[in-house]
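All remarks here apply to the structure that follows.
In my numbering, the protein residues as written are 7 to 134.
Dropping the structure here:
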């Protein structure tokens, strides 16, 4: 994704709008396959022994990509779809970025206690 964004940023200053759109559309499948192969490489590196040579990891990556091409290509949209999970959590920890409690309570509503004991406690403490 970073290399795709960098390529598009470089194309903005060089090409006119129609040519830029053409090349950006032309590069989408290239970056999609590169993302799928990166996902296969990560899975292969996680499944082979720790001291395995890099060639074995690459062989396993190619095997995964050829044995399960649809699953490999679905890696890219899954990474994009789960971006809030893996991108916002580090920002929350590092920068203190969080959603205010009042915003969450308006979206989710007031929670229901898991046990009667907790329900009695919630009745004694004002949450407003």
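Idealized CB from N, CA, C, for every residue including glycine.
Mind the definition here: the region 63-76 touches the region 39-51 only if three or more C-beta pairs lie below 8 Å; say whether that holds. Touching, per the Cβ criterion.
Let's test the definition: count the other Cβ atoms within 10 Å of the Cβ of residue 24 and tell me whether it reaches 16, buried, or not, exposed. By the 16-neighbour rule on beta-carbons within 10 angstroms, residue 24 is exposed.
Compare the beta carbon distance of residue 50 and residue 36 with 8 Å and say whether it is the shorter of the two. With contacts defined by Cβ atoms closer than 8 Å, residue 50 and residue 36 do not form a contacting pair.
Would DSSP call residue 25 helix, strand or coil? Helix.
Please report the Cβ distance between residue 85 and residue 38, rounded to the nearest whole angstrom; I am assuming they are in contact, meaning their Cβ atoms lie under 8 Å. Rounded, the Cβ-Cβ distance is 11 Å, inconsistent with contact.
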